[in-house]
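Participant:
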Amino acid sequence: MMTNRAEIRRLMIALNKIDGIYYLIAKKAGTKENMLSLLYALSDGKSHSQKQICEEWLIPKTTINTVVKECIQKGYVTFSDTGKKEKNIELTEAGKEFTQALLADLFEMEDSSFAQTTAKYSDDFIFAIEYFTEMMSQKLSYYHGEKTNE
Numbered sequence: 001m002m003t004n005r006a007e008i009r010r011l012m013i014a015l016n017k018i019d020g021i022y023y024l025i026a027k028k029a030g031t032k033e034n035m036l037s038l039l040y041a042l043s044d045g046k047s048h049s050q051k052q053i054c055e056e057w058l059i060p061k062t063t064i065n066t067v068v069k070e071c072i073q074k075g076y077v078t079f080s081d082t083g084k085k086e087k088n089i090e091l092t093e094a095g096k097e098f099t100q101a102l103l104a105d106l107f108e109m110e111d112s113s114f115a116q117t118t119a120k121y122s123d124d125f126i127f128a129i130e131y132f133t134e135m136m137s138q139k140l141s142y143y144h145g146e147k148t149n150e
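Take 1 as the starting number for the sequence shown in this note's numbering and just add one per residue.
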């Protein structure tokens, strides 16, 4: 079997550095990393279920539940009725203002970095990372016995 250990290590280091950058941004802003993640997830202006955020952002349910409760107390989020068992979370007007202020510098950094990266490599790199992530997810399921064939 061909190994690409050095390349995979480079990728893992880069991904961990990106995670670290978001952690440092949250810390500098005086908020928790998971609070930043929740507000980032909701910053698209859509409502999302806690389950959806947990699955997409790989944040434990108990953690999201705690952060959502904190955001409700601060008046940043509210629940919207979907007619289903699970309610959706959405930003309040105060939450939109807070989130916009919290994420403004981050979005500027992301936009600038993205423009530089796509100018050099095109946006195909996103598809490659998404594909790698999907392959890893499938292998994780396989190795944990959730799927019988991959």
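Every residue gets a Cβ at the ideal spot worked out from N, C-alpha and C, and that includes glycine.
Whose CA, out of 29, 82, 60, 18, lies closest to the CA of residue 47?
Facilitator: Position 47 of the sequence shown, counted from the first residue, corresponds to residue 47. Taking only the C-alpha atoms, the option nearest residue 47 is 82.
Participant: What number of angstroms, rounded off, separates the C-alpha of residue 139 from the C-alpha of residue 133?
Facilitator: Taking the sequence shown and counting its residues from 1, the one referred to as residue 139 is at position 139. Taking the sequence shown and counting its residues from 1, the one referred to as residue 133 is at position 133. Looking at the two C-alpha atoms, the distance is approximately 10 Å.
Participant: Excluding five sequence neighbours on each side, which residues of the same chain lie with their C-beta closer than 7 Å to the C-beta of residue 37?
Facilitator: Indexing the sequence shown from 1 puts residue 37 at position 37. Closer than 7 Å at the Cβ level, and outside the excluded window around residue 37, lie 57, 59.
Participant: Considering only residues of the same chain and omitting the five flanking positions on each side of residue 148, which have a CB-CB separation below 7 Å?
Facilitator: On the sequence shown, position 148 is the one that residue 148 refers to. Any answer about residue 148 is weak, because its pLDDT of 45 lies below 50 and its placement is not dependable; what the coordinates show is given next. Taken in chain order, the list of residues that qualify is empty.
Participant: With distances taken Cα to Cα, identify the nearest neighbour of residue 15 among 84, 93, 129.
Facilitator: Indexing the sequence shown from 1 puts residue 15 at position 15. Ranking the options by Cα distance to residue 15, first place goes to 129.
Participant: Note down, one range per segment and in chain order, each alpha helix (DSSP H) of at least 4 residues found wholly within the region 1–54.
Facilitator: 5–29, 33–42, all fully within the region 1–54.
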